[in-house]
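Structure record follows, encoded as structure tokens.
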Amino acid sequence: MYVEIDNLSKEFPGVKALQDVNLTIKEGEFFTLLGPSGCGKTTLLRIIAGFYRQNNGHIKVAGELIDHVPPHLRDIGMVFQNYAVFPHMTVEKNVAFGLENRKIPKHAINERVGEVLEMVQMSGYEKRTPDKLSGGQQQRVGLARALVIAPRLLLMDEPLSNLDAKLRLNMREEILDIQRRLGTTAIYVTHDQEEALVISDRIAVMDLGVVQQVGTPWEIYRDPVNEFVSSFVGSMNKLGGEEALRSSKSVKELSSTLPWGIKAEECKVCFRPTDAEIWAGGEQKREDSVYFVGKVSKALFVGSGVIYRIQVGDDLILTVHSEVADPEEIIEEGGVVEFYVEKKRLLFFDKATGVRLRQTKGV
Amino acid sequence: MKNWLRRDGFWNLITLIGFLIIFFLVLYPLFNILMQSFISLETEKFGLGNYITFFTTPYYLKSLLNSLVVSLGGTLGAIILGVPLAFFTSRYKILGTPLLNSLATLALLTPPFLGAYAWIVMLGRNGFITTAFAKIGITLPPIYGAFGIILVYALQYYPFVFLLTVNGLQTIDRSLEEAASNMGATPLKRFFKVTIPLVTPSVTSGALLAFMLSLANFGTPQIIGGRYRVLPTMAYNMYTSEIAKRPAMASTISIILVLVAAVTIFLQKFVSKRRKFTSVLLYRTQPIRLKGASNFFAHCISYLIVFLSTLPMGVVVLFAFKNTKGPVFVEGYGLGNFRQVSREVPQAIINSFWFSIVALLFIVVVGTLLGFIVTRKQNIANKILDALLMTPYIVPGTVMGIGLIIAFNKPPVILYGTWMIIIVAYFIRRLPYSVRSASSILQQIDPDLEDAGISLGAPPARAFRKIAIPLMIPGIISGAVMSWITSINELSASILLYVGNTTTMPIRIYAWVLGGYFGPAAALATILLATTGVALFLLNTFGRGKIDIV
């Protein structure tokens with residue numbers, strides 16, 4: 137494996153920032169650390185960069201143990217959340233800084249600075265100072281500066297979070313394009329689950345200093361290992377097990393027994409709003425699904441469809457994200473509606489530990 | 068081990084140097100004073116004898132009381148002058164506000180004993196205002212004693228309160244006051260319920276500075292105090308008097324003085340901890356234009372306050388050009404005083420420049436490096452160092468002088484009598500301010516910038532040189548000018564440390580004033596004032612950074 141993180145722990149006074157983190161990253165992979173603020177993702181990134189020193193564990197990059205290598209000798213590029221473009225240097229000088237540290241001849245520096253600025257679409261801005269650049273342009277300089285040294289690993293710490301929404305969408309594809317073209321192994325930190333799903337080859341979801349799950353975007357979204365991952369990535373309807381039985385109906389009474397011997401009082405039943413479908417009256421009810429009836433308390437039009445908040449029980453409101461082709465299809469607030477979820481889309485979690493309950497072998 | 072050196076070696080060395088400086092130049096002298104303060108006057112035995120004597124003898128106890136009275140009085144005066152001026156100039160359009168700011172800063176940076184001396188020239192026994200009033204049969208109350216000291220302190224230190232309060236007022240977001248109005252508060256209620264509470268921490272920190280400097284001031288009470296003795300003058304006289312020399316008692320008084328300062332700081336920290344406000348600043352309040360009588364009134368008050376504080380400077384400059392005969396002023400104006408200065412004390416002028424510039428080099432280099440480590444390299448050692456670096460702040464100049472003498476007039480290191488000890492005094496007295504200033508500049512620079520440099524392959528020292536230093540330069544320059552001005556005007560420590568050929572301008576002025584030679588004193592003071600003024604002007608014109616008085 138190209139990057140190996142082995143049993144890494146970090147403690148700050150009074151806080152366990154990272155606990156026994158084990159990760160392996162392949163060469164050329166776009167790897168994302170995803171989690172809420174304070175989950176330890178930035179700490180982990182800064183340890184890899186060498187700005188913090190871990191209390192325990194080891195990091196290997198390309199087979200070399202880097203635990204004791206000072207940050208300036210690690211050959212790891214970093215892009216910062218607030219750009220960190222040197223305000224007292226021109227764009228050109230910013231990008232050349234890393235090459236000058238490597239004692240590269242002047243003409244070679246100029247050539248490589250030109251190339252990398254072209255790659256990030258900043259040609260023509262060489263002599264500008266950062267105060268004359270927009271946030272997006274500054275971040276391009278930040279990226280160019282990290283890439284020009286041809287780092288063996290590229291770290292990005294929420295590089296897009298200070299940009300406005302539209303620019304963010306463009307930039308994330310650009311970053312992906314550049315990374316693909318150069319084949320640089322990248323570790324990307326974000327708290328934005330959508331960004332993570334779009335951009336990553338694999339994602340590590342973190343919470344409370346612990347890696348909760350590592351997997352492809354599909355696995356993280358569709359096959360979460362615990363309740364935290366399921367609700368942090370995408371939105372999720374959550375019902376207590378007993379509540380679920382009470383409020384759902386099923387043609388063949390299938391819902392009255394939970395699968396795999398799960399006890400209702402010990403589990404939570406979850407499904408994604410996008411996995412629920414409004415039942416259009418007349419048609420035959422499907423045997424592979426569970427049905428819920430409720431009153432629409434809110435219908436929120438979000439462009440691509442409508443998000444319904446549906447009052448199912450006295451204090452149970454479920455969310456259904458439904459695609460709508462015609463304005464007539466939108467169900468008014470107050471209307472009674474029936475919707476269904478395929479049983480295979482239901483996820484079960486242990487009520488106490490949050491751990492995903494699956495079919496145990498041999499049952 | 069080798070890796071550890073490569074990684075942090077340079078900064079660990081700086082931490083070590085910081086500790087050595089504090090130990091040898093502050094704690095060791097203070098420890099010497101402390102030890103001496105326990106040696107009883109009569110019996111020469113080790114014990115609390117001197118402290119018991121101090122607290123049971125009215126003569127000594129009175130000086131503690133006097134110190135508190137004039138310091139509190141001066142602080143109160145500074146608040147009374149500073150707060151209204153701040154409100155007028157930041158809430159209303161007052162013509163010439165930049166000029167008022169500059170004059171207030173200049174007034175703050177002139178040595179206070181010059182103010183004391185100027186007030187004597189005006190209102191002293193033979194002052195020109197006193198004699199003028201006497202001619203028409205009015206006897207003015209004497210300026211000597213508590214009243215004079217408080218007057219000088221108030222006019223000297225109000226700019227602290229003024230400038231900090233202006234800063235506080237300007238950082239109150241406009242929407243806070245608008246919200247108060249929106250919720251139905253009358254302007255008066257809004258002022259007392261919102262504005263005043265929000266600006267109180269700024270006023271308090273200005274007042275604290277005024278109090279600390281009043282408490283430590285030596286020159287003013289010595290010149291204008293008459294028989295009114297305060298702790299620093301008492302300590303000085305006990306230490307230097309040829310007739311009643313009592314160095315042990317001087318040490319005891321010094322320790323008490325340091326304790327009073329420490330308690331004050333502690334109380335302020337304790338109080339301000341519970342009253343710290345942070346809020347988002349999006350919109351600054353714009354000053355409004357007053358009309359009619361209130362406009363006239365606001366202008367009058369503002370200009371009167373600043374005029375009173377710059378009046379002493381004007382008097383000094385004017386009297387520098389007055390002809391004198393010995394200690395007596397005579398008719399006519401000329402350059403006689405300046406000729407006398409250049410004839411009699413060229414050495415003092417050269418020394419002042421030479422000492423202050425050498426001290427400045429150390430202050431800037433060491434202050435910047437130490438400011439960097441206490442801000443950026445936070446570990447336990449540096450946190451302790453940060454706290455220790457503030458100790459010179461609570462040690463008045465007189466005490467520092469006494470401490471340096473006791474510590475360095477005996478083997479292994481004998482500095483007393485050399486020019487080096489004066490530079491040491493300048494250096495160590497200014498160091499906490501210099502460290503603070505470097506640290507506050509750094510706090511405005513994103514640490515990610517240095518990390519970015521390091522991740523791009525710059526070793527820590529190179530990242531510091533190529534990234535941190537260039538960004539700090541404007542702030543460093545403005546801090547350096549402030550340090551230089553305070554050093555060249557330093558009196559209270561150097562007066563104890565100088566010998567014949569290491570005399571400086573402030574020492575010479577002080578000696579002339581005491582001897583009654585007001586003419587040459589005024590001329591030399593004018594040279595000092597002009598130097599200060601030129602330095603400030605250059606900084607204002609060419610410096611990019613804001614002048615940071617604290």
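Those protein sequences? They're chains A and B, same order as listed.
For the first sequence, my numbering begins at 137 and goes up steadily by one.
For the second sequence, my numbering begins at 68 and goes up steadily by one.
All C-beta atoms in this analysis are idealised placements derived from N, C-alpha and C, irrespective of residue type, glycine included.
**Request:** Output yes or no for whether 9 angstroms exceeds the beta carbon distance between SER138 of chain B and LEU282 of chain B.
**Result:** Judged by beta-carbon spacing, LEU282 of chain B lies within the 9 angstroms limit of SER138 of chain B, meaning their Cβ atoms are closer than that value.
**Prompt:** Is PHE222 of chain A helix, strand or coil by DSSP?
**Reply:** Looking at PHE222 of chain A - three-state DSSP - the assignment turns out to be coil, as it is neither helix nor strand.
**Item:** Interface residues of chain A facing ASP518 of chain B [CB-CB closer than 9 angstroms]
**Value:** Against chain A, the beta carbon of ASP518 of chain B has neighbours under 9 angstroms at ARG182, ALA185, PHE187, PRO207, MET214, PHE216, ALA220, listed in chain order.
**Request:** Give the DSSP-derived three-state secondary structure of PHE388 of chain B in the structure shown.
**Result:** In this structure, PHE388 of chain B counts as coil in the three-state DSSP scheme.
**Message:** Pull the bridge partners of LYS444 of chain B from the DSSP assignment, please.
**Reply:** DSSP, once it has assigned bridges, lists no residue as partnering LYS444 of chain B.
**Message:** Can you check which of these residues, A:VAL429, A:LYS431, A:HIS457, A:ILE446, is closest to ASP411 of chain A by C-alpha distance?
**Reply:** Its Cα nearest to that of ASP411 of chain A, the residue A:HIS457 stands out among A:VAL429, A:LYS431, A:HIS457, A:ILE446.
**Prompt:** Within 9 angstroms (strictly less), CB to CB, does ARG529 of chain B reach chain A?
**Reply:** So, interface residue.
**Item:** Continuous beta strand (DSSP E) assignments of at least 3 residues falling wholly in the stretch 253-329 of chain A
**Value:** The stretch 253-329 of chain A contains these whole beta strand (DSSP E) runs: 289-293, 322-326.
**Item:** DSSP bridge partner residues for VAL472 of chain A (one or two, in chain order)
**Value:** A:LYS431, per the DSSP bridge assignment.
**Request:** Classify GLY204 of chain B as helix, strand or coil using the three-state DSSP reduction.
**Result:** In the structure shown, GLY204 of chain B sits in coil (DSSP, three-state: anything other than H, G, I, E or B).
**Request:** Using the DSSP secondary-structure output, state which residues sit across from ARG492 of chain A in a beta bridge.
**Result:** Beta-bridge pairing links ARG492 of chain A to A:PHE485.
**Item:** Which of helix, strand or coil DSSP assigns to LYS518 of chain B
**Value:** Here residue 518 of chain B turns out to be Asp, not Lys, going by the sequence shown. DSSP places ASP518 of chain B in helix when its eight states are reduced to three.
**Prompt:** How far does the beta strand (DSSP E) with SER458 of chain A in it reach, from first residue to last?
**Reply:** The continuous beta strand (DSSP E) containing SER458 of chain A extends over residues 452-459.
**Prompt:** Quick one, are the C-beta atoms of GLU163 of chain A and ASN191 of chain A less than 9 angstroms apart?
**Reply:** The beta carbons of GLU163 of chain A and ASN191 of chain A sit no closer together than 9 angstroms.
**Prompt:** Hey, does GLY359 of chain B have any beta-carbon neighbour from chain A nearer than 9 angstroms?
**Reply:** Interface annotation, GLY359 of chain B: not in contact with chain A, CB-CB separation never under 9 angstroms.
**Asked** Candidates B:LEU603, B:SER269, B:TYR220: which alpha carbon is nearest LEU375 of chain B's?
**Response** For the residues B:LEU603, B:SER269, B:TYR220, the minimum Cα distance to LEU375 of chain B belongs to B:TYR220.
**Request:** Identify the continuous beta strand (DSSP E) that holds TYR400 of chain B and give its terminal residues.
**Result:** Looking at the DSSP string, the run of the beta strand (DSSP E) that includes TYR400 of chain B is 395-400.
**Prompt:** What are the boundary residues of the alpha helix (DSSP H) that includes PHE278 of chain B?
**Reply:** That run of the alpha helix (DSSP H) goes 263-283.
**Prompt:** For HIS445 of chain A, which of helix, strand or coil comes out of DSSP?
**Reply:** Per the sequence shown, residue 445 of chain A should be read as Arg rather than His. It is a strand residue.
**Prompt:** What do you get for SER308 of chain B, buried or exposed, if any count of 16 or more other CB atoms within 10 angstroms of its CB means buried?
**Reply:** It counts as exposed.
**Item:** Among A:ARG317, A:ASN362, A:LEU296, nearest to GLU330 of chain A - alpha-carbon criterion
**Value:** Of the listed residues, the one whose Cα sits closest to GLU330 of chain A is A:LEU296.
**Request:** Would you verify that the beta carbon of GLY582 of chain B is, or is not, closer than 9 angstroms to some beta carbon of chain A?
**Result:** So no, GLY582 of chain B is outside the interface.
**Prompt:** So, using beta-carbon positions, are GLY468 of chain B and ILE543 of chain B closer together than 9 angstroms?
**Reply:** Going by C-beta atoms, GLY468 of chain B is not nearer than 9 angstroms to ILE543 of chain B.
**Message:** Which of the three DSSP states is assigned to MET457 of chain B in this structure?
**Reply:** In the structure shown, MET457 of chain B sits in coil (DSSP, three-state: anything other than H, G, I, E or B).
**Request:** Below 6 angstroms CB to CB, which residues in the same chain sit around LEU333 of chain A once its five sequence neighbours on both sides are set aside?
**Result:** Counting only Cβ-Cβ distances below 6 angstroms, and skipping sequence neighbours, we find PRO353.
**Request:** Return the residue from the list B:ILE488, B:PRO463, B:TYR577 that minimises the CA-CA distance to SER318 of chain B.
**Result:** Ranking B:ILE488, B:PRO463, B:TYR577 by Cα distance to SER318 of chain B puts B:PRO463 first.
**Message:** Helix, strand or coil for ASP411 of chain A? Go by DSSP, reduced to three states.
**Reply:** The three-state secondary structure of ASP411 of chain A, taken from DSSP, is helix.
**Message:** Assess contact between the stretch 312-331 of chain B and the stretch 104-118 of chain B, defined as three or more Cβ pairs (one per stretch) separated by less than 8 angstroms. Is contact present?
**Reply:** Yes: the two stretches touch, three or more of their Cβ pairs being nearer than 8 angstroms.
**Request:** Name the residue from A:VAL350, A:ALA380, A:ALA244 whose alpha carbon lies nearest to the alpha carbon of CYS449 of chain A.
**Result:** According to the sequence as given, residue 449 of chain A is Gly; it is not Cys. Closest by alpha carbon: A:ALA380.
**Item:** chain B contact for PRO172 of chain A (CB, 9 angstroms cutoff)
**Value:** Answer no: the Cβ-Cβ gap between PRO172 of chain A and chain B never drops below 9 angstroms.
**Message:** Tell me which residues share the same chain as ILE508 of chain B and place their Cβ nearer than 6 angstroms to its Cβ, disregarding the 5 neighbours each side in the sequence.
**Reply:** In chain order, MET539, GLY542 place their CB closer than 6 angstroms to the CB of ILE508 of chain B, counting only its own chain and leaving out the 5 sequence neighbours on each side.
**Asked** For a contact meaning CB atoms closer than 7 angstroms, what does ILE521 of chain B contact in chain A?
**Response** Chain A residues near ILE521 of chain B: PRO207, HIS208.
**Item:** Per DSSP, cross-strand counterpart(s) of SER425 of chain A
**Value:** In the DSSP assignment, SER425 of chain A forms a beta bridge with A:GLU478.
**Message:** So if I threshold CB-CB distances at 7 angstroms, which residues from the stretch 278-297 of chain A count as touching chain B?
**Reply:** Cβ contacts with chain B: ARG281, ILE285.
**Prompt:** With a cut-off of 9 angstroms, does the C-beta of ASP267 of chain A fall near any C-beta of chain B?
**Reply:** It does not; no Cβ of chain B falls within 9 angstroms.
**Request:** Could you pull the start and end residues of the alpha helix (DSSP H) that ALA505 of chain B belongs to?
**Result:** ALA505 of chain B -> alpha helix (DSSP H) spans 486-510.
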